[in-house]
Amino acid sequence: MKNDPKIERLMTSQTFAQLGEKRLRALGPYVDEIEVRAGSTLMREGSFPFELEVIISGSADIIIGGKKVGEVGPGAVLGEMALLERGARSATVVATSDTKLSVISGRAFSSLMDSYPEIAEEIKAMAAARAEENSSLME
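The sequence shown begins at -6 in the working numbering and counts up one residue at a time.
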């Protein structure tokens, strides 16, 4: 079986690595890769999601209410909270270096959640922990 570099890069995320190569290959057609320059806004607080992003290389700042609350790098999953909640994004994310991303459409994300309940539970738990952390940062 030929290795797919796109899938191998997606496996840098601990969350998606748990799916294993066979499951990720099924997701492969829904995964795109993009490169953005430092200073690019990856997502904006209050906007509605159309995708989930995984940082392959580079770094980004997490900003809530105009205040920097964290930094993320390779393997970070971005945008899952808004997709899960079908609500607005809770943070703005800005690339702090030239950054390469895997992008998964909202449709593919929904399919993943339906097909793999064990991963769905992990992503939900991660999102809940992040929501709690974001809430405490705003106090």
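Glycine included, C-beta positions come from ideal geometry on N, C-alpha and C.
{"Asked": "What number of angstroms, rounded off, separates the C-alpha of Ile49 from the C-alpha of Ala75?", "Found": "21 Å"}
{"Asked": "Which two residues bound the contiguous beta strand (DSSP E) that contains Leu92?", "Found": "Contrary to the premise, residue 92 reads as Thr rather than Leu in this sequence. That run of the beta strand (DSSP E) goes 92 to 98."}
{"Asked": "I need the straight-line Cα distance from Gln7 to Arg37, nearest angstrom please.", "Found": "24 Å"}
{"Asked": "State yes or no: is the C-beta of Leu45 within less than 8 Å of the C-beta of Val87?", "Found": "no"}
{"Asked": "What does DSSP give as the partner residue(s) for Lys61 in the beta ladder?", "Found": "Ile56"}
{"Asked": "According to DSSP, simplified to helix, strand and coil, what is Leu105?", "Found": "helix"}
{"Asked": "Alpha carbon to alpha carbon, how far is Ala122 from Leu71? Give it in angstroms, no decimals.", "Found": "14 Å"}
{"Asked": "Measuring only the C-alpha atoms, how far is Glu26 from Ser98?", "Found": "11 Å"}
{"Asked": "Tell me whether the beta-carbon of Ser52 lies closer than 8 Å to the beta-carbon of Ser90.", "Found": "yes"}
{"Asked": "My assumption, with CB atoms under 8 Å, is that Gly39 sits in contact with Arg82. Please give the rounded CB distance.", "Found": "6 Å"}
{"Asked": "Assign Ser103 to one of two classes, buried (16 or more other C-beta atoms within 10 Å of its C-beta) or exposed (fewer than that).", "Found": "exposed"}
{"Asked": "For Glu64, I'd like the list of residues in its chain whose CB is within less than 8 Å of its CB, leaving aside the five on either flank, ordered along the chain.", "Found": "Ser52, Ala53, Asp54, Ile55, Thr89"}
{"Asked": "For Glu38, name the three-state secondary structure that DSSP assigns.", "Found": "coil"}
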